[in-house]
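Participant: Residue numbers (my numbering), protein chains in the order written: chain A, 20 to 287; chain B, 88 to 320; chain C, 88 to 399; chain D, 41 to 424; chain E, -9 to 399. All C-beta atoms, glycine included, are put in the ideal place defined by N, C-alpha and C. Bear in mind that the values here come from a model prediction, so they are computed numbers and not experimental data. Dropping a structure here in structure tokens format, bear with me for questions.
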Ligand SMILES: Nc1ncnc2c1ncn2[C@@H]1O[C@H](COP(=O)(O)OP(=O)(O)OP(=O)(O)O)[C@@H](O)[C@H]1O
Ligand SMILES: Nc1ncnc2c1ncn2[C@@H]1O[C@H](COP(=O)(O)OP(=O)(O)OP(=O)(O)O)[C@@H](O)[C@H]1O
Ligand SMILES: NC(N)=O
Ligand SMILES: [Mg+2]
Ligand SMILES: [Mg+2]
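Here it is as structure tokens:
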């Protein structure tokens, strides 16, 4: 990466593939992309998600909030197939994906960033990023996409560093970069800015918004940083005790006294 | 002076991370450390805890030189630590994790349990659950509870609010202050959350590229924009 | 044809063999994650110590057996300090070269395997050089019990009792005491355990020592019934690993259960179809168990328990 | 991979484009110096037999193929298999059974293929049984170990005449005798590789006899090494490494982790099977000790000592360890061997070959930059 | 003398010296039985060299420890033949080892002595299997036990070639002696627990047991049956004579065990136990050795057979030496201490086997061993039944009893 390149180059992001997605984004947004139907997950006697109906429209940016232990991560893990549902179904693009293996779901355009970073510690940052990219890009294009993903993750200069040697926050950034590099239609982010500094939070907020607006990628974002949520979210779902507790536009949710009581606290 | 770092330099293998860090914490103080990702905040706390041996410089604790003392001895000498990213013992139950904290020191107090359960009722509810299966925020609460139960004299907190729901974040800041006042626990903490820093810290150090670049007094801390600048730049 | 008492006694016998073979390994492999291919040679040390203590020193059998356990325990501590953690060589090299020369073998499954394989070669051949290809054995105490046309060695039944006692003690130690909790915490996350005031070096050392002592005790207990020779540990190796792994995540409990299950299969099939089929049945049962209970027996029980709770 | 070099450097010569197939962050030795050294080493192996009868080297090279099979399966894909000797042994026995029953050149050639297929198919069956059943980690290791012991126990008792397949008696513990001499080809267009020394006159040395089998094995070993190098540096190789590092994460990039493990395990089985075929062919004999615990442990030793994440390590360590094992004599031989294994693994935790590589890199860069030794060096970065 | 490694020159068959290869296990599984073999070979070689060598030639040795590992055996055999150019080779304890190296032996037309007691049937132009065969060992002990204790037999045997074929021989011999085999059981070599076996013997209630257990794991049987109170006469071809269990195990584990053997340290011939006899000479050379076993004596006398043959042939050229051996070498008690005064043992040229002088040795409650019967037993299976005649019809086969006896099916 040459020093002359500036942030404005990010604007030139996006190969041809992405433009089709961007075109899509300008179109009808009401098409349901993801729908869960009565989703239940039990761990032993404990019910982590209880009859959850949750849906995401194409190109939507939805935040998922709720108290610690509400079942947010569990829900995302059910969607990706990391957990097997105890009951209920999951539909993606109109297809029932409940019984598919995780990799089959991912191949259909879902991607996820885990709550705890799980980058490949012994591989370089570059190798980490190549892995998602190589699935759909070759040669020159692959190189460009890898470089762009690293830059977008703010890790330029760290290409050859083993990912395990990055700081906690840098790993978070890499983790998001890899999830996005898959060029998904639906990107699930579990606490993307936890542990990030303020500047990084802003950069990531900006990035999420841009990916959403320009490329029509739909998002589900779990986050406890209320400012961040307020900054990016349109629609918010509140999970509580494994159930959908509230759903609506961010302003409405923020001012809901019940949500304040169980989640936001005092005068938030 | 309770804790004093005198031009401490530390490295992972051969890669130097901390460079000539000077820092001090007075007994009874709550001191924050802030800085962008990767500047070495965690490394600093690890070095204080003894998980990383400084290649240069000295660490003094209550006047005695700790530089070459092992981590477990420091723990028994009253330094408590809440690592970043929780690091609960995944295969021990919640209760056993807390017990691990308790067994550090002989003077730890049974009544602390009640207090911890009061702060974090979920820990009592899930006493026999394996800690590795707790949600992210619950694990963080456990890590805090586990450190508190040893009744440390100096508590090191690495981003305690990370992954915790807003209402409890507020509560934690308040609780820390209560603990600080009631038990006289000295606290050195790392945070990215502005609110928490403002709420808790008496004083604050700002780090950049492995070294302390500034010290912020109460007046600066009160100023939201000033802090934001340190964290953002 | 099947004689119930025979079957029961053989079950006890197989159970004791499997459980005792695995006892020390349950700790060193199951809890500490070190693939100890010298496990058989730890058993050898216990067996030789006990035997020589009787034949050379004239100690009473029970005392000799305890000595077998202790000597092996000490040897285990030595092994841990010198090889597994490399603490002593590193202490020396820190003072001479200014750096560590050995990276601890914890969390290095396969490397621990190579190192302990080397150790096992050294111990076997060292024993051969020191004591020859065999030493005089002990006779089995207690004599037979008789029932109808049959009789059985009383000592083998005693062994079953002892094996249960050892398991209970180990289980208690590692799950119910502070020591056990700290030991497990150390192995799960060394740094954090240190920060919790645990002297992790001592934990590693003691835990390894206890595992070794158990292996040594096994050798001592079997000294009267196996042939005294440098390779006597070989016969325990496969069973011990299989038992520990089939047992699953709750290591001690798992070892007891796999001793029960595999012991029952071994006893029934040996009894009905002979030793060859018995052995094959044991191995095939282990294969099937590992395949269909991918988390071992205790993992499976845990799942069952959860599923039952879910359906409530 | 070579496509981008074509775009980038205009002067990329044919050798360097060829090289790029075999290079990448997953193997060490991506410099011109390495390849020169490699060619020298192969040439040295090629002329070595001219200086006297050293037939043991052909055994070590046969075993190196077995070592390589574990290196891909374990070193690159993270599946610690104790069962490579199962596929090795099945390959060997299959070769024996088929060649005894069809002892014509065509039949023996078919037997070689049958042995490789036998190794591959048995690995596929065991792999399917394990990986599609969700068996992971140490459970895989123990299943493969137990499979080894089952075969050992079973094969040892197949002495009776009822244990024969066609003309071929399995032979129990005493092994399978009368395996025909390895001949490849059909009818007249065939060549016997065993016990068919090839007389040559070499200036300066005089008359020598060289063993065609030796060169067959050398060719196969070099071929397997280069083939695997290309594999592990391909996109598929990157996925294998990702599976080794973190299965769950890799699944979350849309890769079918189960299938990757299955495919690599099967490939490893076929390679082990080839090794077994050559082993049986070389010794005109095979017995159940190939399923013994000691033999099952050896590949793990070779691969660990040589460097788990290095194909070259597997080869070098197999040759070295086996040479020492055979040639050390005296009462203390086993003690010394044990000490050597122990000390090597303790002092060179990453294995011998990566250590040597690091020394070379450090010497080249100077000590100051030694920290960067782990990072792939610059030449690999143009690929992809 | 008995040092490791041996001296090596390429000119082994030069006028002054000849070279003998000795590959016997001194570590690994079979060290216990293999080590005395190596030692006895060295004793014979030392004696011969001290007495002027063979036809004036001193014997050099190529001696290595194959560590009970067949792969090592193969490689060391190749080395012995191709690089050391040995004139004769002694190698291996187990039958499996013999089979592992026989392809190499035959391919190189190497004169080879296999000196372990074994299942029998090897008819091979280059191999001289000079230990006693199952038919010879069982042939003396089984009829005796039928006579003494009754006709009902229970067989336990190691579950591999040797054990299975030996069990077949028990059936053949039972048939020949009007006895019956009530049951037979094969035990994997890795097994060391005998609870169910003991129960099954008790259930069958035979008059005596025939035991062809092999190896150290199986040795545990004797201690275990004693402590289980199984108190029954046992006939064997494997116990005591090879692994001296009566010395290693605490009495009375081996009480009432009858071994059919060609030799044990206790065999009461003058040339064996007498002053300056074989036993004395052995322990003089190896004061720390634990026991002088059956196989050791076979190594010893076969070295003298080789000496005789070379001297008869007047050359070390192997085809001529083989011809000389086939002419039928005979040794008296001096060189073959198994034979009592005045008797001889004889190498049968047609089969390359030895007409041994066989003994039944019984251990009592205190593990004292005494000879209860002895006589010469020729090897008849190959000569009479299978029709092996190597000088006439060179071959490389192993014959088994199943092919000739219905009972062995
Ligand atoms: N394997 C498990 N066994 C038992 N309980 C579990 C398991 N995994 C999760 N849970 C429980 O399920 C609940 C939901 O967990 P989840 O991780 O989904 O919470 P979350 O909403 O993501 O919380 P956080 O904001 O703290 O990350 C928690 O109470 C947790 O303890
Ligand atoms: N184990 C390690 N080995 C080598 N380098 C490391 C290691 N851990 C951290 N580093 C490097 O040290 C630097 C400081 O890391 P540290 O974890 O102290 O940062 P931090 O200030 O706590 O960041 P964050 O806010 O993201 O937690 C980083 O650049 C990181 O890449
Ligand atoms: N010859 C034997 N005992 O294998
Ligand atoms: Mg969560
Ligand atoms: Mg940090």
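Any Cβ of chain C within less than 9 Å of the Cβ of residue 136 of chain B?
Facilitator: Your numbering for residue 136 of chain B matches position 49 in the second chain. Judged by the 9 Å Cβ criterion, residue 136 of chain B is in contact with chain C.
Participant: Just the Cα atoms here: how many angstroms apart are residue 162 of chain D and residue 275 of chain E?
Facilitator: Taking the fourth chain and counting its residues from 1, the one referred to as residue 162 of chain D is at position 122. Taking the fifth chain and counting its residues from 1, the one referred to as residue 275 of chain E is at position 285. So the two alpha carbons sit approximately 53 Å from each other.
Participant: On the DSSP letters alone, give me the boundaries of the beta strand (DSSP E) that residue 359 of chain E sits inside.
Facilitator: On the fifth chain, position 369 is the one that residue 359 of chain E refers to. 359 to 367 is the extent of the beta strand (DSSP E) around residue 359 of chain E.
Participant: Under 7 Å Cβ to Cβ from residue 220 of chain D, same chain only, skipping five residues before and after it: list those, please.
Facilitator: Residue mapping note: residue 220 of chain D aligns to position 180 of the fourth chain, counting from 1. Result list for residue 220 of chain D: 139, 140, 143, 148, in chain order.
Participant: Tell me the rounded alpha-carbon separation between residue 102 of chain E and residue 337 of chain E.
Facilitator: As a position in the fifth chain, residue 102 of chain E is number 112, starting the count at 1. As a position in the fifth chain, residue 337 of chain E is number 347, starting the count at 1. Each residue's Cα considered, the two are about 14 Å apart.
Participant: Count the other CB atoms, across all protein chains shown, that sit within 10 Å of the CB of residue 30 of chain A; report buried if there are 16 or more and exposed otherwise.
Facilitator: Along the first chain, one-based indexing puts residue 30 of chain A at 11. Reliability fails at residue 30 of chain A, whose pLDDT of 34 lies under 50, so the model's placement of it is uncertain and the value that follows must be treated cautiously. Residue 30 of chain A is exposed by the Cβ-count criterion.
Participant: Is the beta carbon of residue 177 of chain E closer than 9 Å to that of residue 216 of chain E?
Facilitator: Here residue 216 of chain E refers to the residue found at position 226 of the fifth chain. Here residue 177 of chain E refers to the residue found at position 187 of the fifth chain. Not closer than 9 Å, so no.
Participant: Given a limit of 8 Å on CB to CB distance, which residues of the region 149 to 174 of chain A reach chain D?
Facilitator: Correct list: 149, 150, 151, 153, 154, 157, 158, 159, 161, 162, 165.
Participant: Residues of the region 152 to 179 of chain E in Cβ contact with chain C at a cutoff of 7 Å, in chain order, please.
Facilitator: Per Cβ criterion, the list reads 175, 176, 177, 178.
Participant: Near ligand 3, which residues have their beta-carbon less than 6 Å from any of its heavy atoms, given in chain order?
Facilitator: Spelled out in chain order, the answer is E/84, E/85, E/106, E/108, E/152, E/204.
Participant: Report buried or exposed for residue 306 of chain B, applying the criterion of at least 16 other Cβ atoms within 10 angstroms of its Cβ.
Facilitator: By 1-based counting over the second chain, the position of residue 306 of chain B is 219. Residue 306 of chain B comes out exposed.
Participant: What first and last residue would you give for the alpha helix (DSSP H) that runs through residue 120 of chain D?
Facilitator: Within the fourth chain, residue 120 of chain D is the residue found at index 80, counting from 1. Neither: residue 120 of chain D is in no alpha helix (DSSP H) and is coded neither H nor E.
Participant: Helix, strand or coil, according to DSSP, for residue 42 of chain D in the structure here?
Facilitator: To locate residue 42 of chain D, count along the fourth chain from 1; it is residue 2. In this prediction, residue 42 of chain D scores a pLDDT of 37, lower than 50, which makes its location untrustworthy; the coordinate-derived value is nonetheless stated afterwards. Helix at residue 42 of chain D.
Participant: Would the region 237 to 253 of chain D count as touching the region 99 to 116 of chain A if we require 3 or more Cβ pairs under 8 Å?
Facilitator: The region 237 to 253 of chain D is not in contact with the region 99 to 116 of chain A.
Participant: Quick check: is the beta carbon of residue 146 of chain A nearer than 9 Å to any beta carbon in chain D?
Facilitator: Looking up residue 146 of chain A in the first chain gives position 127. With 9 Å as the cut-off, residue 146 of chain A counts as an interface residue toward chain D.
Participant: Do you know offhand how far residue 101 of chain C's Cα is from residue 173 of chain E's?
Facilitator: Here residue 101 of chain C refers to the residue found at position 14 of the third chain. Here residue 173 of chain E refers to the residue found at position 183 of the fifth chain. Going by the C-alpha atoms only, they are around 23 Å apart.
Participant: Run the CB neighbour count on residue 96 of chain D, radius 10 Å, all protein chains shown included, and call it buried at 16 or more, exposed below.
Facilitator: Walking along the fourth chain from the start, residue 96 of chain D turns up at place 56. Under this definition residue 96 of chain D is a buried residue.
Participant: Kindly list, in the order they appear in chain D, the residues whose Cβ is closer than 8 Å to that of residue 381 of chain C.
Facilitator: Taking the first residue of the third chain as 1, we reach residue 381 of chain C at position 294. Here the neighbours are 173, 174, 175, 176, 179.
Participant: Going by other Cβ atoms of all chains shown within 10 Å of its Cβ, with 16 needed for buried, is residue 183 of chain C buried or exposed?
Facilitator: As a first step, residue 183 of chain C is located in the third chain; it is residue number 96 there, counting from the start. Exposed, by the Cβ-count rule.
Participant: Along the chain, where does the alpha helix (DSSP H) that runs through residue 192 of chain D open and close?
Facilitator: The residue you call residue 192 of chain D lines up with position 152 of the fourth chain. Looking at the DSSP string, the run of the alpha helix (DSSP H) that includes residue 192 of chain D is 177 to 196.
Participant: Measuring alpha carbon to alpha carbon, tell me which of D/378, D/320, D/369, D/363 ends up nearest residue 135 of chain D.
Facilitator: Indexing the fourth chain from 1 puts residue 135 of chain D at position 95. For the residues D/378, D/320, D/369, D/363, the minimum Cα distance to residue 135 of chain D belongs to D/320.
Participant: Would you check if the region 349 to 366 of chain E and the region 224 to 242 of chain E touch, i.e. whether three or more CB-CB distances between them fall below 8 Å?
Facilitator: Counting Cβ pairs under 8 Å, three or more are found: they touch.
Participant: So residue 110 of chain A and residue 54 of chain A are supposed to be a Cβ contact under 8 Å. How far apart are they, rounded?
Facilitator: If you number the first chain from 1, residue 110 of chain A lands on position 91. If you number the first chain from 1, residue 54 of chain A lands on position 35. The Cβ separation is near 4 Å, so the contact holds.
Participant: Counting only beta-carbon separations shorter than 9 Å, does residue 124 of chain D have a partner in chain C?
Facilitator: To locate residue 124 of chain D, count along the fourth chain from 1; it is residue 84. With 9 Å as the cut-off, residue 124 of chain D does not count as an interface residue toward chain C.
Participant: So is residue 60 of chain E in contact with chain F if we call contact Cβ pairs under 9 Å?
Facilitator: Considering every chain present, this structure includes no chain F. Its protein chains are A, B, C, D and E.
Participant: Comparing C-alpha positions only, which one of C/131, C/280, C/331, C/155 sits nearest to residue 212 of chain C?
Facilitator: Position 125 of the third chain holds residue 212 of chain C. The residue with the shortest Cα to Cα distance from residue 212 of chain C is C/131.
Participant: Report the start-end ranges of each alpha helix (DSSP H) in the region 277 to 306 of chain D that is 4 residues or longer and not cut off at the edges.
Facilitator: Runs of the alpha helix (DSSP H) inside the region 277 to 306 of chain D: 287 to 291.
Participant: Of the choices D/235, D/392, D/214, whose alpha-carbon is the least far from that of residue 68 of chain E?
Facilitator: Numbered from its first residue, the fifth chain carries residue 68 of chain E at position 78. Of the listed residues, the one whose Cα sits closest to residue 68 of chain E is D/235.
Participant: For residue 255 of chain B and chain A, any beta-carbon pair shorter than 9 Å?
Facilitator: Locating residue 255 of chain B in the second chain gives position 168, counting from the first residue. With 9 Å as the cut-off, residue 255 of chain B counts as an interface residue toward chain A.
Participant: Under 9 Å, Cβ to Cβ, is there at least one residue of chain D near residue 176 of chain C?
Facilitator: One-based indexing of the third chain puts residue 176 of chain C at position 89. Cβ-Cβ to chain D under 9 Å: yes for residue 176 of chain C.
Participant: Can you find a CB in chain B that lies within less than 9 Å of the CB of residue 274 of chain A?
Facilitator: For this step, residue 274 of chain A is matched to residue 255 along the first chain. It does not: the Cβ of residue 274 of chain A has no partner Cβ on chain B nearer than 9 Å.
Participant: Is the shortest distance between the beta-carbon of residue 385 of chain C and the beta-carbons of chain D less than 9 Å?
Facilitator: Position 298 of the third chain holds residue 385 of chain C. Not one chain D Cβ lies under 9 Å of residue 385 of chain C.
Participant: Could you tell me which chain C residues have their CB closer than 8 Å to the CB of residue 176 of chain B, listed as they occur along the chain?
Facilitator: The residue you call residue 176 of chain B lines up with position 89 of the second chain. What residue 176 of chain B touches in chain C: 271, 272, 275, 276, 279, 280.
Participant: Can you find a CB in chain E that lies within less than 9 Å of the CB of residue 233 of chain C?
Facilitator: Position 146 of the third chain holds residue 233 of chain C. It does; some Cβ of chain E falls within 9 Å.
Participant: Taking C-beta to C-beta, are residue 212 of chain D and residue 151 of chain E nearer than 9 Å?
Facilitator: The residue labelled residue 212 of chain D in the question sits at position 172 within the fourth chain. The residue labelled residue 151 of chain E in the question sits at position 161 within the fifth chain. Closer than 9 Å, so yes.
Participant: With 9 Å set as the bound, which would you pick, yes or no: does the beta-carbon of residue 207 of chain E sit closer than that to a beta-carbon of chain C?
Facilitator: Counting from 1 along the fifth chain, the entry for residue 207 of chain E is found at position 217. It does; some Cβ of chain C falls within 9 Å.
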